[in-house]
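Visitor:
Protein chains in written order, with my numbering: chain A, 1 to 192; chain B, 1001 to 1192.
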């Protein structure tokens, strides 16, 4: 069985792939890119480091522009990020039978609610797996440290939705920190 | 690292233990028993079949009597079952550092909400893991079939909360089927 894991290169999506691989799935990592930056290269680098297949899938720029609009309106990223994530899952669900991501228990975004998940599973007749959904941050950190070495920082070059949105915010003369609360980012360097 | 997994002998808690073991945890299966029936023997049998350590922990009869009261009031088991599960987790959290269960994405009971989970983690300074929380029934069935052989039926002898509650209902002259909707139960027979 093959599972397609939405992949940014960060700790969470890397750990999700690791767990699914341990359960016997073959892993295909997929990075969503909206043509704003070539940030998918950072995800590819991490994918190579942990030894799983990787592909980048290009999405309409329109999706990220709509998300940007929501973020500017709201003053924080939750709704916009969730919108992108849902659109990405819907597109990927058209192509693959089993899809997964690194959303976790304590995440506010990206995070779909149960009715959105079931709707995607039913409409596209697929299985959606979120292996970290029942895992808190403490457990997650100790598991991640067991399998991967990663770097941490405030402005890591990553392949997540945030990278392209931050670039767009700057292009419009906005301050990123007015919209994205400070948080530590991670990027996987190697498998242990 | 050792994890204590609340265990009934059924498909879900067996799969939760399997996943955690694959991630490198040593497994201790724990069955909660309220002194009504010796139904823990069925859980012990399943634990032996899948090769993990097992213990039975005795709880106050009072807890299951309170749950019974709720079920009689409500006409369905959700609130009562969730009450037992929360009380059991709280007791187990006093003894062990990492605890887990087989609650899954599509379950209504037992199932704690995020604030209850965090409250237990914080009050007892433990980690709580629900490995099936991000997994739907389709994926769950295909994973379970890959690791275990199990029997299915309507009135299996099991070590779950339901067994003791059903017995109490009958003792009070009530019809079980008025309170528990018909559902297929599973019990693990062997590891594949």
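Just so you know, even glycine gets a beta-carbon here, dropped at the ideal spot from N, CA and C. Since the model is a prediction, treat every value here as computed from it, not as a measurement.
1) Give the residues of chain A in contact with residue 1134 of chain B, contact being defined as C-beta atoms less than 7 Å apart.
2) Please give me, in chain order, every unbroken run of the alpha helix (DSSP H) with length at least 4 that falls completely inside the stretch 1099-1171 of chain B.
3) So, with DSSP's three-state summary, where would you put residue 1012 of chain B?
4) Quick one: Cα of residue 1188 of chain B to Cα of residue 1019 of chain B, how far?
5) Taking the straight line between their C-alpha atoms, what separation do you get for residue 102 of chain A and residue 5 of chain A?
6) Please list, in chain order, all residues of the same chain as residue 34 of chain A whose beta carbon is under 6 Å from its beta carbon, the five residues on each side excluded.
7) Could you name the residues of the same chain whose beta carbon sits closer than 7 Å to that of residue 1137 of chain B, not counting the 5 residues immediately before and after it, in chain order?
8) Should the stretch 1135-1150 of chain B be regarded as contacting the stretch 1175-1192 of chain B, the criterion being three or more beta carbon pairs within less than 8 Å?
9) For residue 58 of chain A, which three-state DSSP category applies?
10) Given 8 Å as the limit, is there contact between the stretch 153-173 of chain A and the stretch 119-137 of chain A, that is, 3 or more CB pairs closer than that?
11) In terms of DSSP beta bridges, what is residue 2 of chain A paired with?
12) Can you pull the chain A neighbours of residue 1070 of chain B, defined as C-beta to C-beta under 7 Å?
13) Within the 8 Å Cβ cut-off, does residue 1024 of chain B reach chain A?
14) Would the beta-carbon of residue 1185 of chain B fall within 8 Å of that of residue 1156 of chain B?
15) Counting only the same chain and skipping the five closest in sequence on each side, list residues whose C-beta sits under 7 Å from that of residue 169 of chain A.
16) At the 8 Å Cβ level, is residue 19 of chain A part of the contact set with chain B, yes or no?
17) What is the DSSP secondary structure of residue 1184 of chain B, counted as helix, strand or coil?
18) Helix or strand or just coil, what does DSSP make of residue 1189 of chain B?
19) Rounding to the nearest angstrom, what Cα-Cα distance links residue 1025 of chain B and residue 1052 of chain B in this structure?
20) Per DSSP, what kind of secondary structure is residue 1178 of chain B in: helix, strand or coil?
21) Would DSSP call residue 1074 of chain B helix, strand or coil?
22) Rounded to the nearest angstrom, how far is the Cβ of residue 30 of chain A from that of residue 2 of chain A, given a contact under 8 Å?
Guide: Working from what's here:
1) 129, 130, 131, 132, 133, 134
2) 1114-1124, 1137-1147, 1161-1171
3) helix
4) 15 Å
5) 8 Å
6) 59, 61, 64, 164
7) 1106
8) yes
9) strand
10) no
11) A:26
12) What residue 1070 of chain B touches in chain A: nothing, since even the nearest Cβ is about 24 Å away.
13) yes
14) yes
15) 176, 179
16) yes
17) coil
18) strand
19) 11 Å
20) helix
21) helix
22) In fact, because the Cβ distance is near 11 Å, the residues do not count as touching under 8 Å.
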